[in-house]
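K.L.:
Got a structure for you, written out below as structure tokens; questions coming shortly.
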Amino acid sequence: MIDRLQFLWPEIILFITTCVVMVIGLSKTYLRRKATALIAGAGIALATVWAATRSPDAESVTAAAGQLLLPHMVAYAKTLIGIVGLMLLLLMAGTVDREEEAQIAAGRRSFDPLRSNRAEFYAFYLFSLTGLMLCADADDLIWLFLALELTSLPTYIMVAISTAQTRGREAGVKYFFLGALGAATFLYGFALIYGATGSTNLNTIASHFRTDGISPLAMAGLLLSLLGVSFKIAAVPMHFYTPDVYEGAAPQVSAFLAFVPKTAGFISILLLCAVAGWAYLPAGQAGSLTTVKAAPGGTQLPELMRLMLWVMAALTMTVGNVLAVLQTSVKRLLAYSSVAHSGYMLVGVVAGPGGPADQGFTSNGVSAVLFYLLCYGVMNVGCFAVLAALERSPGRDGNFRETETLADLRGLCTTHPALGWSMVICSLSLLGMPPLLGFFGKLPLFTAGIRAGELPLVVILGLNSAIAAYYYLRMAFAPFLETPDASAEPVIASPFRVRQLAAVVSAGGVVLLAILGNSLMEECRKAGEVRAGIPFVTGGKAEHASAAAD
Amino acid sequence: MMLFSLILAPLASAFLVALGPAAMARRTALAGTAVTFFAACAALYLFNWSAPGYQFEQSLPWLQQVGINLSVGVDSVAMMLIALTALLGPICVQSSKTAITDRVKTYYSWLLVLQAAMTGVFASRDLILFYICFEFTLAPMFVLISLYGSTNRRKAAIKFFLYTFTGSVIALAGFVYVAWFSSRLTPGIVNAADPSLLHEFPQLGKWTFDLATLEQAARLMSPAKQGWVLLALLAGFAVKVPLFPVHTWLPLAHTEAPTAGSVILAGVLLKLGTYAIYRFALPFCPVAIYEHAPLISVLCIVGILYGGLICWVQTDVKKLVAYSSVAHLGFCILGMMALNNTGISGSILYMINHGLSTGALFLLIGMIYERYHTRSMKELGGIAAKMPIWATFMVFFTMASVGLPGLNGFVSEFLCILGAFQASSAWGSPTATLPNGLPNAGLWGSAGAAHPGSTLGSLGPWFAAVAGIGMIVAAIYLLYMVGKVVWGPLVEPHGHDSHGGHGGHGESESHSVLPTDLCAREIGVLVPLAVLCVALGVYPKPALDALSGPVSDTVRVVQTARSNATIPADSVKEAAR
């Protein structure tokens, strides 16, 4: 158990920060309350640096502690979560308690801890990030379930309290019920896997599958788990909540939803696929052309799982993009685009890590997924940050209204140049326009997909990028090419300037990471290495099992 | 460094224009394009025209995890197209002086970015770098059309973007497939398949997008695989050319684009497609292209005739010239599909010539439009009476476009058709199939002097004959247009002040600076193009000689692959496993 702790320092740091934030946020002094965000930021930064520099060497991971399937992923995933988490934190400024604080500052009311949401909001934020980091550590189904729930439960409340409008609460409730359905589904799947293998430990399950093959019961469990987890990544058929929830929540919380649960979902899917297939790779076999088949089966997943992921990927991309074309609300548009991007990433999952001869970044679908998560995180935060950094002056009810439609973005490059150009750059990057980051995110998905012999899926991916071009173009060029309606009420910059900073940081990241991405890709290549052949299984049975798995 | 500076100079000027004051925008842009032009002249001078192969090669490491490097290098084909791009740069800036008065900074900076991207396309020796530049041309063109175009501009811009974007993502899939195929090869396999290939292949499973490596690797694909790759590449490039069924974006984009946009579109952007077919489709899938050449040629010929017939019924002058591009580029690809020296040389020369003459026609139409605010042939007529200089240039460039012997259009069109004529196995005397054996004599150098009926190929006289009808149709519609607009009784748009000394529109004060006939600036824009038209028409030998090296290399690749095609290359690979 002590061995285990060395992996968990980033989570422990985050948890301690959470406790501090919860208390400080209820302080009577405004300055101290205000410091909660800073403390949260410091905690995340510390955890990120710790994860990046002090994570234990993945080679030394033992079965007793740490997950063995994707050992290199842990440090990368936690660093990625920390960095995007910090960017998201910039957006969260002023999300809750805005009127409350204004009234206290005006002396119309004294501070009432019962009416303040600040402490809870930041605490939930940190809890969710903690859960997300814990997902990457998961070596046990129970652990995975708890981590996924720790990621999700706070988000339900964050959605509900993020805006003063009633639709925020409606979105929260909707999200909660459908989320519970998703959780129930994968929990049922986990139960079936346990029933079939007699263990909840992922390493043991993998070794069981490897020696005895996957029984129909276990396969049913795996498929149900994938289906349930696909709620987190908003993949078809579990995507229905996305537009309503994203539209109902404040844009900054929507940005959070587009990254955090999605990353949790993808990490879980990668782990499940590693258990069910990738870990079967015969270890140490020399890379000759015959050992890796380019045909189906080259993906090293059981055929049923491959089929399910394949269909899910194709449908998710297409449904997301086609429905996004029809939207006029930017938030709904980004919601459907978030669905579509999950579909792109599923192509990397279908492609899988490849054989021993394919350990380059370009061949490895897992690396491609991990890299795309970062790309998507950065560029998506940028788009939502622009929305969050703009608002309209308060209406009659005194609430600050959000900017929402494409028409609101018109002429932004002239009125708010920094925000306008961030929107242009981030949307073009989401489109996949070279030489921006989005293109370099998609390229490994292309290469890995073709490496795995999934040509039709890659062509569907390409065609979907073209469909997506239509709506991203509208989003990119509304700020730049169009002029605002003279009759419309002008949008104003939100007083929380850090939100603008987040937008500019994202746009800069989109440009710079594309130019300087080589070392990052090296990290992703390492992170995507699947431990081939679980080491504590010995004997000649392994080859037999790997044949059966194909 | 030479090529990087040709790319970076316009890019840097674009930033200067964007950051500088609006009043200085045009002059800064002019200076930027002029510097680029002189740099290109220096490159032309330093380029060794007699040597085949790539020059000015340079490679900087970039995303090596993916196998992408910033590799550049040019052969004589690319060098000529870069020179054309650099020449059109200052011309476009100068021609926009009075046409663009609103948001000038945006206009000129995107124009410069576009020039950098186009130069990058021709200079790349890395597949992904090529693709990045190729795709990135879309954004500036989209902006130019949708901000500065005429009434229907938004629709035109979106159609242009979506057509070309959709095509090129599929082409990207083809590229990636070729790169994947190459990553499965090891030096042993390659040498077993074709001992003549000496290029170093990286280790198994290591990806590269280096063009020199991929060209050699791609040839080892089986004909069936080559066919699929060819289909993917054509999906991207045929749209750009544009070939017949996927051409519908072009007339709209051309008609709606501002003058300089049309000039660049006709002059260079369409050549990105033809150049890419020459650069990638031919060496990557030689066997497949040999097999499918007749099919592609049929599309070309349909484009030639269909485009011509549509031109005939146009009343909008600009749309007429736009559709004539569809027909002209049909000739260009037809020549390329002949897969012999004559045809491919003609095809490449056609790229340059079409850029010069059609570019000039768009400039001339732009000048008329600035004065009369109409492009309708019903409202214009007998302009020669009022604008003799304009009329002279109009007739001159129309003749160049029709293919009057002595002007540039004739040479390339004739070579394309001759190439198609010769490219038939039915001639039965393939003595001079190997390009090395071609006699080097005649006014036009080696290309034009091949013995008639002497090359292998799957086209033949019928293709040439039907395409020839297209030449007649082209003569009809262009001369009809000239006859209507330039000669005949003077017709001016209703409401136009026919007695005023200025050519401005009745209500529009801003254009009153323009004199009735062309001003010195406008003449200065047209003269270089006219000089080149005459030069390339009277004495094309230097250009054709310079092209002969790379072209005969390409022809050799295709013909060798075809003659080896009876032994599927994949079987060699299987044996090597």
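Chains as they are written, first to last, in my numbering: chain A, 1456 to 2005; chain B, 574 to 1150. Virtual Cβ for every residue (Gly too), placed ideally from N, Cα, C.
1. Who are the Cβ neighbours of V802 of chain B in its own chain at under 8 Å, not counting the five residues just before and after it?
2. When burial is assigned at 16 or more other CB atoms within 10 Å of the CB, is Q1461 of chain A buried or exposed?
3. Under 7 Å between beta-carbons, which chain B residues line up against A1806 of chain A? List them in chain order, please.
4. Counting only beta-carbon separations shorter than 9 Å, does M1888 of chain A have a partner in chain B?
5. Which residue marks the beginning of the beta strand (DSSP E) containing F629 of chain B, and which one marks its end?
6. Output, in sequence order along the chain, the residues in the segment 1958 to 1990 of chain A whose CB is closer than 7 Å to any CB in chain B.
7. Alpha carbon to alpha carbon, what distance is there between A1490 of chain A and R1624 of chain A?
8. Are three or more beta carbon pairs between the segment 1665 to 1685 of chain A and the segment 1627 to 1635 of chain A nearer than 8 Å?
9. Could you tell me which chain B residues have their CB closer than 7 Å to the CB of G1917 of chain A, listed as they occur along the chain?
10. Check whether the segment 1703 to 1711 of chain A touches the segment 1538 to 1551 of chain A, taking contact to mean three or more Cβ pairs, one atom from each stretch, closer than 8 Å.
11. I'd like to know if the segment 602 to 614 of chain B and the segment 628 to 639 of chain B are in contact, where contact means that at least 3 CB-CB pairs between them fall below 8 Å.
12. Can you tell me whether N1919 of chain A is helix, strand or coil according to DSSP?
13. Between B:I962, B:V1124, B:K1057, B:F935, which has its C-alpha nearest G955 of chain B's C-alpha?
14. Taking the alpha-carbon positions, what's the A1635 of chain A to V1684 of chain A distance?
15. Does V1539 of chain A get closer than 9 Å to chain B when you measure Cβ to Cβ?
16. What residues of chain A sit near I705 of chain B, judged by a beta carbon separation below 7 Å?
17. With 8 Å as the limit, tell me which residues of the segment 717 to 731 of chain B have their beta carbon closer than that to any beta carbon of chain A; keep them in chain order.
18. I want to verify the contact list: residues of chain B whose CB lies under 7 Å from the CB of V1777 of chain A, in sequence order.
19. When you compare each of A:F1566, A:C1868, A:L1885 to D1552 of chain A by their alpha carbons, which one comes out closest?
20. State the beta-bridge partners of V645 of chain B as determined by DSSP.
21. What is the DSSP secondary structure of R1856 of chain A, counted as helix, strand or coil?
22. Where do the ends of the alpha helix (DSSP H) carrying E1702 of chain A lie?
23. Specify, as a first and last residue, the run of the beta strand (DSSP E) that L1756 of chain A falls within.
24. Mind checking if Y1925 of chain A is an interface residue toward chain B, Cβ cutoff 9 Å exclusive?
25. Taking only the alpha-carbon atoms, compute the straight-line gap between P713 of chain B and A690 of chain B and give it to the nearest angstrom.
26. Which residues in the same chain as I869 of chain B place their Cβ atom closer than 6 Å to its Cβ, once the five residues preceding and following it in sequence are excluded?
27. Following the continuous beta strand (DSSP E) through R1787 of chain A, name the residue where it begins and the one where it ends.
28. Residues of chain B with CB closer than 9 Å to the CB of R1865 of chain A, please, in chain order.
29. What residue ranges within the segment 1625 to 1675 of chain A form continuous alpha helix (DSSP H) runs of no fewer than 4 residues, ordered along the chain?
30. How many angstroms separate the CA atom of F709 of chain B from the CA atom of K1717 of chain A?
31. With DSSP collapsed to three states, give me the class of L576 of chain B.
32. The alpha helix (DSSP H) that contains L872 of chain B, what's its start and end?
33. Expressed to the nearest angstrom, what Euclidean distance is found between the alpha-carbon atoms of A1823 of chain A and P1899 of chain A?
34. Check whether chain A comes within 9 Å of W553 of chain B, counting only Cβ atoms and requiring the distance to be less than that.
35. With distances taken between CB atoms, is the gap from L1501 of chain A to I1468 of chain A smaller than 9 Å?
36. Measure the alpha-carbon distance for L1063 of chain B versus E952 of chain B and round it to whole angstroms.
P.N.:
Taking the geometry as given:
1. Locating residue 802 of chain B in the second sequence gives position 229, where the first residue counts as 1. Correct list, in chain order: G747, Y750, V751, A791, M794, F857, C858, A861.
2. Taking the first sequence and counting its residues from 1, the one referred to as residue 1461 of chain A is at position 6. Taking every protein chain shown into account, the CB of Q1461 of chain A has fewer than 16 other CB atoms within 10 angstroms, so this residue is exposed.
3. Position 351 of the first sequence, counting from 1, holds the residue named residue 1806 of chain A. The contacting residues do not exist; A1806 of chain A stays about 11 Å from chain B at best.
4. Your numbering for residue 1888 of chain A matches position 433 in the first sequence. True, the Cβ-Cβ gap to chain B drops below 9 Å.
5. Position 56 of the second sequence, counting from 1, holds the residue named residue 629 of chain B. Looking at the DSSP string, the run of the beta strand (DSSP E) that includes F629 of chain B is 628 to 634.
6. For chain B, the residues of the segment 1958 to 1990 of chain A that bring a beta carbon within less than 7 Å of one of its beta carbons are G1972, N1973, M1976, E1977, R1980, in chain order.
7. Looking up residue 1624 of chain A in the first sequence gives position 169. Looking up residue 1490 of chain A in the first sequence gives position 35. About 27 Å.
8. At 8 Å Cβ cutoff, the stretches do not touch.
9. For this step, residue 1917 of chain A is matched to residue 462 along the first sequence. Within chain B, the residues near G1917 of chain A are V742, I743, L745, A746.
10. The segment 1538 to 1551 of chain A and the segment 1703 to 1711 of chain A touch, with three or more beta-carbon pairs separated by less than 8 Å.
11. Taking a cut-off of 8 Å on C-beta distances, the segment 602 to 614 of chain B does not touch the segment 628 to 639 of chain B, as fewer than three cross pairs fall below it.
12. Indexing the first sequence from 1 puts residue 1919 of chain A at position 464. The answer is helix: DSSP assigns N1919 of chain A an H, G or I state.
13. Within the second sequence, the letter at position 382 stands for residue 955 of chain B. Measuring from the Cα of G955 of chain B, the nearest candidate turns out to be B:K1057.
14. Numbered from 1 along the first sequence, position 180 holds the residue referred to as residue 1635 of chain A. Numbered from 1 along the first sequence, position 229 holds the residue referred to as residue 1684 of chain A. The straight-line gap from Cα to Cα measures roughly 11 Å.
15. Here the question's residue 1539 of chain A lines up with position 84 in the first sequence. Answer no: the Cβ-Cβ gap between V1539 of chain A and chain B never drops below 9 Å.
16. Against the second sequence, residue 705 of chain B aligns to sequence position 132. Under the 7 Å cutoff, chain A gives P1889, P1890.
17. Correct list: S719, L720, I731.
18. Here residue 1777 of chain A refers to the residue found at position 322 when the first sequence is read from its first residue. When 7 Å is used as the limit between beta carbons, V1777 of chain A is near no residue of chain B, the shortest such separation being about 14 Å.
19. As a first step, residue 1552 of chain A must be located in the first sequence, where it is residue number 97. Ranked by Cα distance from D1552 of chain A, the options A:F1566, A:C1868, A:L1885 are led by A:F1566.
20. Here residue 645 of chain B refers to the residue found at position 72 when the second sequence is read from its first residue. Its beta-bridge partners are B:Q631, B:S697.
21. Your numbering for residue 1856 of chain A matches position 401 in the first sequence. In this structure, R1856 of chain A counts as strand in the three-state DSSP scheme.
22. Sequence index remark: in the first sequence, residue 1702 of chain A carries index 247 (1-based). According to the DSSP assignment, E1702 of chain A belongs to the alpha helix (DSSP H) that extends over 1697 to 1703.
23. The count along the first sequence starts at 1 and reaches residue 1756 of chain A at position 301. No beta strand (DSSP E) contains L1756 of chain A, which DSSP labels as neither H nor E.
24. Residue 1925 of chain A sits at position 470 when you count from the first residue of the first sequence. Contact with chain B is found for Y1925 of chain A, since one of that chain's Cβ atoms lies less than 9 Å from the residue's Cβ.
25. Here residue 713 of chain B refers to the residue found at position 140 of the second sequence. Here residue 690 of chain B refers to the residue found at position 117 of the second sequence. In this model, P713 of chain B and A690 of chain B are separated by some 9 Å (Cα to Cα).
26. Start at 1 with the first residue of the second sequence, and residue 869 of chain B comes out as number 296. Annotation for I869 of chain B: M910 place their beta carbon closer than 6 Å to its own, counting only its chain and skipping 5 residues before and after.
27. Numbered from 1 along the first sequence, position 332 holds the residue referred to as residue 1787 of chain A. That residue, R1787 of chain A, is in no beta strand (DSSP E); its alpha helix (DSSP H) goes 1785 to 1806.
28. Taking the first residue of the first sequence as position 1, residue 1865 of chain A is located at position 410. Those do not exist, as R1865 of chain A stays about 13 Å from chain B at its closest Cβ, beyond 9 Å.
29. Complete alpha helix (DSSP H) runs here, min 4: 1657 to 1667.
30. Within the second sequence, the letter at position 136 stands for residue 709 of chain B. Within the first sequence, the letter at position 262 stands for residue 1717 of chain A. Pairing F709 of chain B with K1717 of chain A, the inter-Cα distance amounts to about 30 Å.
31. Sequence index remark: in the second sequence, residue 576 of chain B carries index 3 (1-based). Secondary structure at L576 of chain B: helix, using DSSP grouped into helix, strand and coil.
32. Position 299 of the second sequence, counting from 1, holds the residue named residue 872 of chain B. Run containing L872 of chain B: 859 to 885, per the alpha helix (DSSP H) assignment.
33. As a first step, residue 1823 of chain A must be located in the first sequence, where it is residue number 368. As a first step, residue 1899 of chain A must be located in the first sequence, where it is residue number 444. Taking the straight line joining both Cα atoms gives about 5 Å.
34. For residue 553 of chain B there is no data in the structure shown, the boundaries of chain B being 574 and 1150.
35. Sequence index remark: in the first sequence, residue 1501 of chain A carries index 46 (1-based). Sequence index remark: in the first sequence, residue 1468 of chain A carries index 13 (1-based). Pairing L1501 of chain A with I1468 of chain A gives a Cβ-Cβ distance under 9 Å.
36. Translated into the one-based positions of the second sequence, residue 1063 of chain B becomes position 490. Translated into the one-based positions of the second sequence, residue 952 of chain B becomes position 379. C-alpha separation (whole angstroms): 10 Å.
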